[in-house]
Amino acid sequence: MTVVERREIALVDLLDRLLAGGVVITGDITLRIADVDLVRIDLNALISSVNRQVPSPFEIPEVPS
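At position 61 of the sequence shown (counting the first as 1) the number is 60 in numbering that gives the first Met the number 0, and the numbers step up by one without a gap.
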């Protein structure tokens, strides 16, 4: 075994690294019976951390009065 193969990473550390850079999850699910597509679900998700330097895209900025 090499040093890289023996390296252990805690789940919390792995999640921290993934959220710091962002993760894109994509997938397709199709429910089919007798070669007839009944339901199709497309999944596209972006998971990322938000902090003060990178504001949330869902917040409405305040307008000065």
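Quick reminder that beta carbons are idealized off the backbone N, C-alpha and C, glycines included.
**Asked** Where do the N-terminal and C-terminal ends of the beta strand (DSSP E) with aspartate 34 fall, by residue?
**Response** Counting from 1 along the sequence shown, the entry for residue 34 is found at position 35. It is not in any beta strand (DSSP E) - aspartate 34 carries neither H nor E in the DSSP assignment.
**Message:** So, with DSSP's three-state summary, where would you put alanine 19?
**Reply:** Mapped onto the sequence shown, residue 19 falls at position 20. Note: alanine 19 maps to helix in three-state DSSP.
**Prompt:** DSSP puts alanine 44 in a beta bridge; with which residues?
**Reply:** For the purposes of this step, residue 44 is taken as residue 45 along the sequence shown, with counting starting at 1. Answer is Ile24, bridged to alanine 44.
**Asked** When you compare each of Asp36, Ala33, Glu61, Gly26 to alanine 44 by their alpha carbons, which one comes out closest?
**Response** Indexing the sequence shown from 1 puts residue 44 at position 45. Between alanine 44 and the set Asp36, Ala33, Glu61, Gly26, the nearest pair of CA atoms involves Gly26.
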